[in-house]
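Trainee: Before I ask anything, here is the structure I am working with.
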Amino acid sequence: MPIYTITTAAGTLDSATKADLAAEVTRIHSDVNHVPSTYVNVVFNELAPDNVYTDAKPTRPLIINGWVRSGHPDEETSRLVTEIAHAATQVTGIPPERVLVVIGNSPARFAIEGGRVLPEPGQEQAWLLEGA
Amino acid sequence: MPIYTITTAAGTLDSATKADLAAEVTRIHSDVNHVPSTYVNVVFNELAPDNVYTDAKPTRPLIINGWVRSGHPDEETSRLVTEIAHAATQVTGIPPERVLVVIGNSPARFAIEGGRVLPEPGQEQAWLLEGA
Amino acid sequence: MPIYTITTAAGTLDSATKADLAAEVTRIHSDVNHVPSTYVNVVFNELAPDNVYTDAKPTRPLIINGWVRSGHPDEETSRLVTEIAHAATQVTGIPPERVLVVIGNSPARFAIEGGRVLPEPGQEQAWLLEGA
Numbered sequence: 001m002p003i004y005t006i007t008t009a010a011g012t013l014d015s016a017t018k019a020d021l022a023a024e025v026t027r028i029h030s031d032v033n034h035v036p037s038t039y040v041n042v043v044f045n046e047l048a049p050d051n052v053y054t055d056a057k058p059t060r061p062l063i064i065n066g067w068v069r070s071g072h073p074d075e076e077t078s079r080l081v082t083e084i085a086h087a088a089t090q091v092t093g094i095p096p097e098r099v100l101v102v103i104g105n106s107p108a109r110f111a112i113e114g115g116r117v118l119p120e121p122g123q124e125q126a127w128l129l130e131g132a
Numbered sequence: 001m002p003i004y005t006i007t008t009a010a011g012t013l014d015s016a017t018k019a020d021l022a023a024e025v026t027r028i029h030s031d032v033n034h035v036p037s038t039y040v041n042v043v044f045n046e047l048a049p050d051n052v053y054t055d056a057k058p059t060r061p062l063i064i065n066g067w068v069r070s071g072h073p074d075e076e077t078s079r080l081v082t083e084i085a086h087a088a089t090q091v092t093g094i095p096p097e098r099v100l101v102v103i104g105n106s107p108a109r110f111a112i113e114g115g116r117v118l119p120e121p122g123q124e125q126a127w128l129l130e131g132a
Numbered sequence: 001m002p003i004y005t006i007t008t009a010a011g012t013l014d015s016a017t018k019a020d021l022a023a024e025v026t027r028i029h030s031d032v033n034h035v036p037s038t039y040v041n042v043v044f045n046e047l048a049p050d051n052v053y054t055d056a057k058p059t060r061p062l063i064i065n066g067w068v069r070s071g072h073p074d075e076e077t078s079r080l081v082t083e084i085a086h087a088a089t090q091v092t093g094i095p096p097e098r099v100l101v102v103i104g105n106s107p108a109r110f111a112i113e114g115g116r117v118l119p120e121p122g123q124e125q126a127w128l129l130e131g132a
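Protein chains in written order, with UniProt numbering: chain X, 1 to 132; chain V, 1 to 132; chain L, 1 to 132.
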C-alpha cells in the first residue's frame with residue numbers, strides 16, 4: 001500500500017545501493033506499520049544535477065517521500081521516519097545532514113490497490129484474508 | 001485544479017495508451033468532482049526499470065497519485081479512486097494487482113491556479129464565474 | 001525542511017531560469033514560514049512533452065508542489081502559494097493561467113531532517129539551537 005519516492009541528483013546512488021535501500025525501506029515499513037512486504041513500493045526519481053537545489057544552490061540531498069494511511073498512531077510514524085532516515089545513512093553513506101524523510105497521509109478510503117479500497121489501520125488482516 | 005502523477009517503469013505504456021489514460025482520468029475526475037475538464041492535469045513520470053521496486057524486487061506497477069481539495073465527501077473520493085483504478089486496467093491491460101491509486105488532500109486555500117486561491121468544494125461555480 | 005517539486009515539460013525552462021526560480025521560491029518560503037533558507041529544497045522534474053496533459057491534451061504548465069508541516073496558520077499558507085505563483089510568472093514569463101501551486105501538509109512528527117524529527121511550527125528556534 002505504501003509508496004516511497006526517493007529523489008536524488010543522478011549519480012548519487014549506484015544500482016546496488018538503490019536495491020539495498022529499497023530492501024531496507026521495505027523491511028522497516030513492513031515491520032513498523034504491520035503491512036506485508038509485498039505491498040511496499042519504492043521508486044527512485046533521479047534528476048539532472050542542475051535540477052536539485054538546497055538554499056538555492058545545486059546540491060545532492062537524499063529526499064525520501066512516503067505515504068501512509070491516516071490513523072496510524074503518531075509515535076509509530078515518527079519511529080518510521082527515524083528508522084528510515086537512519087537506514088538511509090547506513091546504506092548510502094550520505095550523512096544525516098543531507099537526508100530528508102517526509103511522510104504524507106490521507107484517509108485509507110482515498111486509496112485503492114488490487115481493485116479494493118484500502119482498510120483502515122488495524123483492519124489489515126481482515127482485508128488481506130478477504131482478498132486471498 | 002487536480003494533478004495526477006502516473007509513475008511507471010519506462011516502456012510500460014506506449015504514447016497512445018498514455019493519451020488514452022490521461023483522457024479517461026480527466027473524464028472521471030471532471031465527472032465525480034464537478035470540475036471542468038480544462039482544470040485536470042495528468043503527468044507521466046517514467047522511470048528506469050531498475051528504479052521501480054515492489055517487495056524490494058524490480059517490478060512494473062502502475063502508480064497513480066492524485067490530489068484533491070479537502071472537504072469533498074469521503075464517499076466521492078472513494079468512488080473517484082475506484083473508477084480511476086478500474087479505468088486504468090481497462091485502458092492499459094495492467095491487472096488490478098499491479099494498479100495503485102492514492103489521492104492526497106490539503107485545504108483549497110493551500111493551492112492557487114490562474115492567479116487565484118482555489119475555492120472550497122461546492123464553491124466552484126462562483127469561483128469560475130468570477131474568473132471568466 | 002520544505003521540499004518543492006516543480007514539474008514541467010522538458011524545454012519549458014532553461015538552466016538560468018531554473019536557478020532563478022529556485023532562488024525566489026527559497027526566499028519566499030524562508031520569509032513567510034520563518035525557516036532558514038538552508039532548509040529549503042527545490043527540485044525540477046522535467047518530463048517528455050508527450051507526458052504532460054491538461055484537459056487530456058499535451059500542454060506546458062508549470063506545476064509547483066510543496067510540503068509544509070501542519071499547524072501553520074492557513075492565511076500564511078495562502079500567502080505562501082500566492083507569492084510563489086506570482087514569482088513563478090515574474091521569473092519564467094509563464095502566464096498565471098498555466099501556473100499551479102499546491103501545498104500538501106502532514107504533521108511535523110512525520111518528517112525528519114539532520115537525524116531529528118521536525119519541530120512543530122513556532123518551535124523552530126529551539127530546534128535549531130538544539131542542533132547547533
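Just so you know, even glycine gets a beta-carbon here, dropped at the ideal spot from N, CA and C.
Under 7 angstroms between beta-carbons, which chain X residues line up against residue 61 of chain V? List them in chain order, please.
Mentor: Position 61 of the second sequence, counted from the start, is the residue given in the question as residue 61 of chain V. Chain X residues near residue 61 of chain V: 41.
Trainee: From residue 119 of chain V to residue 108 of chain V, what does the alpha carbon distance come to, in whole angstroms?
Mentor: Stepping through the second sequence from its first residue, residue 119 of chain V is reached at position 119. Stepping through the second sequence from its first residue, residue 108 of chain V is reached at position 108. For residue 119 of chain V and residue 108 of chain V, the distance between alpha carbons rounds to 6 angstroms.
Trainee: Counting contacts by CB-CB distance shorter than 9 angstroms, is residue 127 of chain L in contact with chain X?
Mentor: Counted from its first residue, the third sequence places residue 127 of chain L at position 127. Closer than 9 angstroms: no.
Trainee: Check whether the Cβ of residue 47 of chain X lies closer than 9 angstroms to any Cβ atom in chain L.
Mentor: Your numbering for residue 47 of chain X matches position 47 in the first sequence. Yes, residue 47 of chain X counts as interfacial toward chain L.
Trainee: Please report how far the alpha carbon of residue 2 of chain L lies from the alpha carbon of residue 53 of chain L, in whole angstroms.
Mentor: Along the third sequence, one-based indexing puts residue 2 of chain L at 2. Along the third sequence, one-based indexing puts residue 53 of chain L at 53. In a straight line, the C-alpha of residue 2 of chain L is about 27 angstroms away from that of residue 53 of chain L.
Trainee: Give a yes or no on whether the C-beta atoms belonging to residue 45 of chain V and residue 89 of chain V are separated by under 9 angstroms.
Mentor: On the second sequence, position 45 is the one that residue 45 of chain V refers to. On the second sequence, position 89 is the one that residue 89 of chain V refers to. Contact flag unset, no.
Trainee: Return the residue from the list V/16, V/66, V/11, V/21 that minimises the CA-CA distance to residue 86 of chain V.
Mentor: Against the second sequence, residue 86 of chain V aligns to sequence position 86. When only C-alpha atoms are compared, the closest one is V/21.
Trainee: Give the residues of chain X in contact with residue 119 of chain L, contact being defined as C-beta atoms less than 7 angstroms apart.
Mentor: Locating residue 119 of chain L in the third sequence gives position 119, counting from the first residue. Under the 7 angstroms cutoff, chain X gives no residues; its nearest Cβ is about 12 angstroms from residue 119 of chain L.
Trainee: Residues in the same chain with beta-carbon distance under 7 angstroms from residue 92 of chain X, minus the five sequence neighbours each way, listed in chain order, please.
Mentor: The residue given as residue 92 of chain X occupies position 92 in the first sequence. So the qualifying residues of the chain are 13, 17, 21, 62.
Trainee: Tell me residue 104 of chain L's beta-bridge partners as DSSP assigns them.
Mentor: Locating residue 104 of chain L in the third sequence gives position 104, counting from the first residue. In the DSSP output, where bridge partners are listed per residue, residue 104 of chain L has L/67.
Trainee: Residue 104 of chain V versus chain L: which residues are under 7 angstroms apart at the beta carbon?
Mentor: One-based indexing of the second sequence puts residue 104 of chain V at position 104. Neighbours of residue 104 of chain V on chain L, chain order: 104.
Trainee: In chain order, what residues of the same chain lie with their CB nearer than 7 angstroms to the CB of residue 77 of chain V, ignoring the 5 residues before and after it?
Mentor: Counted from its first residue, the second sequence places residue 77 of chain V at position 77. Same-chain partners within the cutoff: 68, 103.
Trainee: At the 9 angstroms Cβ level, is residue 77 of chain V part of the contact set with chain L, yes or no?
Mentor: As a working note, residue 77 of chain V is residue 77 in the second sequence. No, no contact with chain L.
Trainee: Between residue 15 of chain L and residue 50 of chain X, how many whole angstroms is the CB-CB distance? I'm expecting something under 8 angstroms.
Mentor: Taking the first residue of the third sequence as position 1, residue 15 of chain L is located at position 15. Taking the first residue of the first sequence as position 1, residue 50 of chain X is located at position 50. Between residue 50 of chain X and residue 15 of chain L the Cβ distance is about 6 angstroms, and since that is below 8 angstroms, they are a contact.
Trainee: Report the residue from V/110, V/116, V/106 whose alpha carbon sits nearest the alpha carbon of residue 98 of chain L.
Mentor: The count along the third sequence starts at 1 and reaches residue 98 of chain L at position 98. Ranking V/110, V/116, V/106 by Cα distance to residue 98 of chain L puts V/116 first.
Trainee: Using 10 angstroms around the beta-carbon of residue 129 of chain X, count the other beta-carbons present and answer buried if the total reaches 16, otherwise exposed.
Mentor: Numbered from its first residue, the first sequence carries residue 129 of chain X at position 129. Exposed, because fewer than 16 other Cβ atoms sit within 10 Å of the Cβ of residue 129 of chain X.
Trainee: Could I get the ranges of all uninterrupted alpha helix (DSSP H) runs contained in the UniProt domain "Tautomerase cis-CaaD-like" (1-127) of chain V, with 4 residues as the minimum, in chain order?
Mentor: Whole alpha helix (DSSP H) segments, 4+ residues: 15-33, 74-92.
Trainee: Under 7 angstroms between beta-carbons, which chain L residues line up against residue 107 of chain V? List them in chain order, please.
Mentor: As a working note, residue 107 of chain V is residue 107 in the second sequence. What residue 107 of chain V touches in chain L: 74.
Trainee: With a threshold of 8 angstroms (Cβ to nearest heavy atom), would residue 39 of chain X be considered close to the ligand SAH?
Mentor: As far as ligands go, the structure on display features none, and thus does not contain the ligand SAH.
Trainee: Can you find the residues in the same chain that come closer than 6 angstroms, C-beta to C-beta, to residue 80 of chain X, ignoring five residues on each side of it along the sequence?
Mentor: For the purposes of this step, residue 80 of chain X is identified with residue 80 of the first sequence, where counting begins at 1. For residue 80 of chain X, where only same-chain residues beyond five positions count, the Cβ hits under 6 angstroms are 32.
Trainee: Please tell me whether residue 23 of chain V and residue 48 of chain V are closer than 9 angstroms, where the distance is taken between their beta carbons.
Mentor: One-based indexing of the second sequence puts residue 23 of chain V at position 23. One-based indexing of the second sequence puts residue 48 of chain V at position 48. No.
Trainee: What is the rounded straight-line gap between the Cα of residue 26 of chain X and the Cα of residue 34 of chain X?
Mentor: The residue labelled residue 26 of chain X in the question sits at position 26 within the first sequence. The residue labelled residue 34 of chain X in the question sits at position 34 within the first sequence. So the two alpha carbons sit approximately 11 angstroms from each other.
Trainee: Within 10 angstroms of its Cβ, does residue 56 of chain L collect 16 or more other Cβ (buried), or is it exposed?
Mentor: Taking the first residue of the third sequence as 1, we reach residue 56 of chain L at position 56. Buried: at least 16 other Cβ atoms inside 10 Å.
Trainee: Measuring only the C-alpha atoms, how far is residue 29 of chain X from residue 122 of chain X?
Mentor: Reading the first sequence from its first residue, position 29 is the one you call residue 29 of chain X. Reading the first sequence from its first residue, position 122 is the one you call residue 122 of chain X. The alpha-carbon atoms of residue 29 of chain X and residue 122 of chain X are separated by roughly 15 angstroms.
Trainee: Leaving out five residues before and five after residue 43 of chain V in sequence, what residues of the same chain have Cβ atoms less than 8 angstroms from its Cβ?
Mentor: Stepping through the second sequence from its first residue, residue 43 of chain V is reached at position 43. Excluding residues within five positions, the ones whose Cβ falls inside 8 angstroms are 3, 4, 5, 6.
Trainee: Please report the Cβ distance between residue 59 of chain X and residue 112 of chain L, rounded to the nearest whole angstrom; I am assuming they are in contact, meaning their Cβ atoms lie under 8 angstroms.
Mentor: Stepping through the first sequence from its first residue, residue 59 of chain X is reached at position 59. Stepping through the third sequence from its first residue, residue 112 of chain L is reached at position 112. Actually they are not in contact, since the Cβ atoms of residue 59 of chain X and residue 112 of chain L sit about 18 angstroms apart, beyond 8 angstroms.
Trainee: By the 10 Å Cβ neighbour count, where 16 or more other Cβ atoms means buried, how is residue 11 of chain X classified, buried or exposed?
Mentor: Mapped onto the first sequence, residue 11 of chain X falls at position 11. It counts as exposed.
Trainee: Could you tell me which chain X residues have their CB closer than 7 angstroms to the CB of residue 113 of chain L, listed as they occur along the chain?
Mentor: Along the third sequence, read from residue 1 onward, the residue named residue 113 of chain L stands at position 113. The contacting residues are 100.
Trainee: Quick one: which chain L residues come within Cβ less than 9 angstroms of residue 50 of chain X?
Mentor: By one-based count along the first sequence, residue 50 of chain X stands at place 50. 15, 18, 19, 44, listed in chain order.
Trainee: I think residue 105 of chain L touches residue 106 of chain V, with their Cβ atoms under 8 angstroms apart; what is that distance to the nearest whole Å?
Mentor: Translated into positions along the third sequence, residue 105 of chain L becomes position 105. Translated into positions along the second sequence, residue 106 of chain V becomes position 106. About 5 angstroms; that satisfies the 8 angstroms criterion.
Trainee: What separation, rounded to the nearest whole angstrom, lies between the Cα atoms of residue 84 of chain X and residue 73 of chain X?
Mentor: Numbered from its first residue, the first sequence carries residue 84 of chain X at position 84. Numbered from its first residue, the first sequence carries residue 73 of chain X at position 73. In a straight line, the C-alpha of residue 84 of chain X is about 17 angstroms away from that of residue 73 of chain X.
Trainee: Spatial neighbours of residue 101 of chain V within its chain, please: CB distance less than 6 angstroms, with the 5 preceding and 5 following residues excluded, ordered by chain position.
Mentor: Counted from its first residue, the second sequence places residue 101 of chain V at position 101. Cβ neighbours of residue 101 of chain V beyond the five flanking positions: 64, 81, 84, 85.
Trainee: If residue 96 of chain X and residue 114 of chain L are in contact, beta carbons under 8 angstroms, what's the gap, nearest whole angstrom?
Mentor: The residue given as residue 96 of chain X occupies position 96 in the first sequence. The residue given as residue 114 of chain L occupies position 114 in the third sequence. With 8 angstroms as the limit, residue 96 of chain X and residue 114 of chain L qualify as a contact, their Cβ atoms being about 5 angstroms apart.
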